[in-house]
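Worksheet: the structure to be examined is printed underneath.
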Amino acid sequence: MTTTLAARPRSDVAARPPRAAGRRRGRPSGRAGAALGVNAILILGSAYMVLPLLWLVFATTKDASSLYGSNAFTPGGAFLENLQQLLAQDGGIFLRWLGNSILYAGVGAVVAGFIALMAGYAFDKFRFRGKDTLYGTVLIGVLIPNTATVIPLYLLAASIGLTNTVWAVLIPAFCNPFSVYLARVFSSGYLPDATLEAARVDGAGPIRSFVSIGLPMLVPGFVTIALFQFVAVWNNFMLPLIMLQDRDLFPTSVGIFLWQSQVQQNPEYSPLVIAGSFLSVVPLVVAFVLLQRFWRAGLAAGSVK
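This is the structure we're talking about:
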């Protein structure tokens with residue numbers, strides 16, 4: 224009886240190593256499959272984003288006759304001609320549209336970023352009555368699409384006579400609930416409470432603490448919010464389409480749409496639409512390249528928090 228009981232554990236122990244070895248041998252193949260799947264998804268996502276941009280670059284080099292009659296990724300020889308025609312069309316109206324877009328997006332990004340930074344700082348560091356309820360309202364605003372607020376904004380602007388003015392586009396861009404949410408995340412991640420407590424002990428008030436300590440430490444977060452806001456205002460289409468009637472106030476999105484609506488009657492507008500779309504992407508690329516150091520730091524802080 225004793226011999227039987229002693230033999231069973233030995234047989235169990237002897238049987239376990241092959242199973243463990245089999246499991247170890249199976250892990251690399253599973254990891255390789257997971258890595259292959261992830262890389263395949265990343266390649267498909269990259270192709271989805273890069274191929275339209277490549278098509279736009281090649282299409283900008285073609286005239287109207289070869290735009291749809293040749294291979295999509297075959298370069299043409301009309302790049303400079305298309306740009307000259309674009310800049311000379313209607314007395315150079317595209318340059319005015321481009322300047323309007325830079326004005327709307329630049330001012331909207333800076334002012335909205337600063338307002339969002341102050342609001343996020345207040346929600347994170349201050350204690351006041353109704354704070355949670357008010358912040359919940361901000362989060363609800365994040366869930367509402369911008370297109371749903373275009374008609375109410377138009378009615379409000381019309382009631383005070385702001386339609387067909389620059390302010391009809393700028394004022395709605397100054398307040399973005401998602402930017403306020405990001406600003407609170409950045410404030411809690413970049414700005415420790417102990418730093419502000421030390422400033423208060425030294426005699427700094429709330430405003431001085433924010434300007435002298437909080438604002439310099441939140442610069443990466445401000446740049447990230449401003450970049451998101453710049454892209455959102457630059458790509459905004461419905462609001463200026465509804466608010467503006469004067470062609471001289473159009474941004475590039477509405478101006479290119481105006482030309483696109485005439486392509487069926489006049490196919491010669493096709494190179495103008497393509498070249499205008501190409502030039503309208505350049506400021507976005509320049510902004511991201513110049514500010515990517517702050518942008519990456521801001522995203523890293525937000526993800527860690």
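All you need for the numbering used here is the position in the sequence shown, starting with 1, plus 223. Beta carbons: idealized from backbone N, C-alpha and C, even for Gly. Nothing here was measured: the structure is a model prediction, and the numbers come from that model.
- DSSP places I363 inside the alpha helix (DSSP H), whose first and last residues are 354-366.
- In the three-state scheme derived from DSSP, where H, G and I count as helix and E and B as strand, S289 is classed as helix.
- For P429, the enclosing alpha helix (DSSP H) starts and ends at 429-432.
- Judged by their CB atoms, A287 and P490 are nearer to each other than the 8 Å cut-off.
- For L310 and V496, the gap between their C-alpha atoms comes out near 12 Å.
- In the structure shown, the three-state DSSP call for L462 is helix.
- In the three-state reduction of the DSSP assignment, S484 falls in the coil class, being assigned neither a helical nor a strand state.
- In terms of Cα proximity to S493, the closest of R254, L276, N305 is N305.
- Take the alpha-carbon of G499 and the one of A510: they are about 18 Å apart.
- DSSP, read as helix, strand or coil, puts F337 in helix.
- Nearest in C-alpha terms to L276, of all of Y327, V424, L507, Y413, is L507.
- A direct Cα-Cα distance of roughly 14 Å separates I430 from V424.
- For F409, the enclosing alpha helix (DSSP H) stretches over residues 400-413.
- P368 sits exposed, since fewer than 16 C-beta atoms from the chains shown fall within 10 Å of its C-beta.
- The Cβ atoms of A332 and F453 sit closer than 8 Å to each other.
- No residue range can be given for R470, since it is assigned to no alpha helix (DSSP H) and is classified by DSSP as neither H nor E.
- Burial state of F409 is buried, judged by a 10 Å Cβ sphere holding 16 or more other Cβ atoms.
- With fewer than 16 other CB atoms across the displayed protein chains lying within 10 angstroms of its CB, R352 is exposed.
- Burial is judged here by how many other beta carbons sit within 10 angstroms of a residue's own beta carbon; W278 has fewer than 16 and is exposed.
- In the three-state reduction of the DSSP assignment, P375 falls in the helix class, which pools H, G and I.
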